[in-house]
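Here's the structure we're looking at; comments come further down.
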């Protein structure tokens with residue numbers, strides 16, 4: 001029976017040791033083929049045989065180990081949030097709701113991820129709860145493919161509101177020229193100065209355009225919290241109603257209609273700019289989604305027809321013409337071509353593809369025509385998995401964001417208190433009864449203190465940074481992984497498939513004097529062609545690459561533990577160890593018999609005899625990847641300790657390490673001990689990144705502070721890792737660390753300026769040195785500037 005693979009969300013893990021304990025417990029269960037637990041994503045990927053064990057038993061096992069499983073997980077699109085206080089409030093209310101185990105809301109992406117118990121709650125109950133707080137909500141899965149992005153609708157709606165508000169506010173703004181001596185020369189129509197005309201213009205702005213702020217403030221206060229809407233509603237209402245009072249008592253001096261109207265207009269303008277900038281920060285997802293073609297050329301019964309990609313089935317034969325995008329993940333069944341995979345791996349050079357090679361959705365066929373068999377479609381393709389990982393990373397929260405959330409939770413009530421104190425100090429102390437000046441100072445404090453910039457500081461940087469990294473072939477699974485990567489001080493590298501190519505290659509082919517090298521290469525390749533041994537495959541490949549075509553063998557016999565015997569073109573060929581030749585009484589040729597120098601370099605040495613004569617000595621080794629030495633040099637330049645971890649014997653390991661430039665080597669390490677080596681380094685106080693590609697690396701990847709899996713490796717390794725390097729190139733490791741450092745630095749810049757802005761702006765406003773409309777413009781600019789600073793990450797050039 002085909003094994004079943006399931007993702008299980010787990011709560012209650014406090015460290016990587018918890019993940020290891022769960023993993024060990026699950027792997028010991030009868031019927032469980034494999035289990036990989038990722039502490040960062042709080043998920044277990046379990047493959048099991050349903051005849052022996054079911055998902056309920058697996059979840060029960062996790063609970064007996066002292067942890068809990070999440071029954072359901074849903075992603076929601078949330079609209080109407082204006083600042084971090086909104087997202088914090090939604091999280092707080094949902095997390096305290098019975099049946100909901102956890103909730104995480106991302107202000108910048110306007111999304112929420114909720115874990116709930118379906119026995120108590122449903123997705124529609126969660127939506128009702130969010131709507132009850134005054135926000136819009138729907139399941140992301142309910143948004144149809146191709147539907148217009150809600151953010152574009154929001155931008156258009158806010159833009160329309162801004163134009164209307166600006167048209168009504170412009171005459172009121174004009175009246176401000178009459179208030180200052182240095183602008184008194186500007187003509188102001190008498191109509192604009194009439195109090196009832198100002199009242200007429202300000203009212204639709206205050207209660208029509210500005211109704212969104214009253215609505216937001218109402219829901220916030222009803223939920224016993226405060227947000228930006230509360231500050232805007234308080235500030236503009238104070239100016240508006242004070243002006244109405246003056247009109248009703250026939251006072252024509254000190255009206256503040258222009259203050260309330262212009263404030264609302266400027267705040268709306270800032271919201272338009274902010275929404276546009278936030279839209280650009282999620283461009284990486286849009287670009288990825290736009291890569292996949294919508295139609296596919298399917299061949300059935302010799303007839304090629306164009307069908308929608310959604311109709312393609314696994315096993316269908318597709319025809320990929322030159323220059324066309326490949327619609328699904330597939331296996332080449334005929335044809336040869338070069339395929340541009342840069343959109344997935346970041347590697348600019350096309351990759352040669354032929355029969356049995358795998359091609360991926362959204363990659364571009366460069367020159368030849370290919371016939372491929374679909375093996376992964378829809379959400380199972382590599383592109384879909386990349387989009388999912390990037391979305392999850394952008395939607396998750398970095399630990400540094402907790403600081404902003406904690407500040408935002410108390411910020412608005414504190415600001416309201418400061419505003420009230422400002423009013424009282426001005427009214428009773430500074431100006432002794434000057435209500436107008438006291439009100440102006442209070443309004444300026446309320447407006448300039450809006451915490452929008454603080455709430456946007458972290459998520460926009462994470463969105464921009466992880467999106468740019470994905471475009472370059474580096475996938476961060478979570479925001480936490482992105483933040484923690486910058487703290488790494490030790491990088492542990494698996495040898496096979498990570499530093500080396502993982503495939504044996506012939507490095508030396510030494511021939512006896514008087515023998516034709518190419519002839520012997522052809523005979524050796526033919527003799528080994530029927531063997532499945534990796535060394536034999538290396539020799540056969542070497543022969544094909546060197547002379548193009550090799551003869552057929554006439555007879556083949558494997559000699560277990562020693563080598564092979566074959567007949568090629570009438571000659572008897574022996575290929576194997578020195579002992580094999582000794583057993584056959586074949587004398588070694590002294591000129592090519594000394595294997596010590598080759599073995600000192602970590603190479604496997606084989607001997608070739610033809611018709612009882614030693615004619616060649618062949619050395620095979622797993623060679624370094626072309627970029628490994630440069631990559632290790634770059635890691636050292638970043639101030640990192642580099643360690644190689646391998647199960648190979650010490651002599652071979654040290655030879656490879658010397659070539660790669662690695663000083664510290666752990667050799668002869670069994671797969672189950674790799675995690676122990678990583679843990680011992682952590683016990684010394686090191687922050688460790690583990691880089692690997694195989695199933696045997698998965699435990700070490702899970703234990704490490706940051707696990708990095710080569711995208712050319714196994715699915716288990718990628719699932720256990722925190723970061724996937726789509727191109728199997730060690731240079732991406734330094735790129736990953738560099739991107740993490742740049743992103744965290746960008747976050748800190750945003751947080752500093754957001755806090756500095758409020759810290760400096762509030763005292764200036766309280767001192768009466770800032771007009772309310774100037775405060776409104778500054779508040780809008782602060783949010784936009786934070787987002788624009790984050791967008792600088794999208795221009796980072798990694799490789």
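Numbering (the UniProt record's numbering), first residue to last: 1 to 799.
The beta carbon of each residue, even a glycine, is placed where N, CA and C say it ideally should be.
Spatial neighbours of residue i within its chain, please: CB distance less than 8 Å, with the 5 preceding and 5 following residues excluded, ordered by chain position.
| i | result |
| --- | --- |
| residue 508 | 598, 603, 617, 618, 619 |
| residue 580 | 559, 562, 563, 574, 607 |
| residue 127 | 76, 137, 138, 139 |
| residue 23 | 35, 36, 37, 44, 699, 702 |
| residue 750 | 453, 456, 457, 458, 460, 461, 786, 789, 790 |
| residue 68 | 10, 11, 12, 62, 101 |
Within 10 angstroms of its Cβ, does residue i collect 16 or more other Cβ (buried), or is it exposed?
| i | result |
| --- | --- |
| residue 429 | exposed |
| residue 146 | For residue 146, the predicted model reports a pLDDT of 45, less than 50, meaning its position is unreliable and no value from the coordinates is stated. |
| residue 158 | buried |
| residue 249 | exposed |
| residue 294 | exposed |
| residue 411 | buried |
| residue 323 | exposed |
| residue 591 | exposed |
| residue 680 | exposed |
| residue 311 | exposed |
| residue 732 | buried |
| residue 426 | buried |
| residue 348 | Residue placement at residue 348 cannot be trusted, given a pLDDT of 49 that sits under 50; the coordinates are not used to answer. |
| residue 600 | exposed |
| residue 124 | exposed |
| residue 346 | Residue placement at residue 346 is poorly supported in this model, since its pLDDT is 46, which falls under 50; the coordinates still yield a value, given next. Flag for residue 346 reads buried. |
| residue 209 | buried |
Determine the direct distance from the alpha carbon of residue j to that of residue i, and round the result to whole angstroms.
| i | j | result |
| --- | --- | --- |
| residue 794 | residue 466 | 9 Å |
| residue 565 | residue 512 | 20 Å |
| residue 216 | residue 230 | 7 Å |
| residue 674 | residue 682 | 13 Å |
| residue 595 | residue 53 | 53 Å |
| residue 148 | residue 422 | The predicted model places residue 148 with a pLDDT of 47, which falls under 50 and marks its position as unreliable, so this point remains unresolved. |
| residue 686 | residue 152 | 46 Å |
| residue 653 | residue 660 | 11 Å |
| residue 306 | residue 376 | 19 Å |
| residue 211 | residue 26 | 55 Å |
| residue 333 | residue 569 | 32 Å |
| residue 666 | residue 572 | 42 Å |
| residue 498 | residue 554 | 38 Å |
| residue 520 | residue 587 | 18 Å |
| residue 339 | residue 473 | 16 Å |
| residue 9 | residue 269 | 41 Å |
| residue 33 | residue 48 | 5 Å |
| residue 697 | residue 297 | 40 Å |
| residue 326 | residue 317 | 12 Å |
| residue 504 | residue 535 | 6 Å |
| residue 167 | residue 736 | 49 Å |
Need the endpoints of the alpha helix (DSSP H) that residue i sits in, please.
| i | result |
| --- | --- |
| residue 371 | Unbroken run through residue 371 is the beta strand (DSSP E), 370–376; no alpha helix (DSSP H). |
| residue 447 | 435–448 |
| residue 752 | 731–766 |
| residue 216 | 211–222 |
| residue 482 | 479–485 |
Using C-beta distances below 6 Å, list every residue in its chain close to residue i, excluding the 5 sequence neighbours before and after it, in chain order.
| i | result |
| --- | --- |
| residue 768 | 441 |
| residue 140 | 75, 77 |
| residue 510 | 592, 617 |
| residue 355 | 332 |
Tell me where the beta strand (DSSP E) around residue i begins and ends.
| i | result |
| --- | --- |
| residue 800 | Not covered by the structure: residue 800. The range shown for the chain is 1 to 799. |
| residue 303 | 303–308 |
| residue 501 | 500–511 |
| residue 48 | 43–48 |
Here's a check: name, in chain order, each residue in its chain whose Cβ is nearer than 7 Å to the Cβ of residue i, leaving out the five neighbours to either side.
| i | result |
| --- | --- |
| residue 678 | 492, 688, 690, 700, 703, 704 |
| residue 7 | 43, 45 |
| residue 214 | 233 |
Residue i: beta carbon under 7 Å from a heavy atom of the ligand FMN?
| i | result |
| --- | --- |
| residue 459 | Inclusion of the ligand FMN in the displayed structure is not the case, the ligand content being empty and no account of it being possible. |
Worksheet entry | Meets three-Cβ-pair contact criterion under 8 Å: the segment 30–45 and the segment 12–21 | yes
Discussion item. Between the segment 537–555 and the segment 631–650, can you find at least three pairs of beta-carbon atoms closer than 8 Å?
Written reply: no
Item to complete: Evaluate contact between the segment 641–649 and the segment 522–535, counting only Cβ atoms and requiring at least three cross-stretch pairs below 8 Å.
Response: no
Practice prompt. Taking 8 Å as the threshold, find out whether the segment 377–386 comes into contact with the segment 353–364 through three or more Cβ pairs.
Written response: yes
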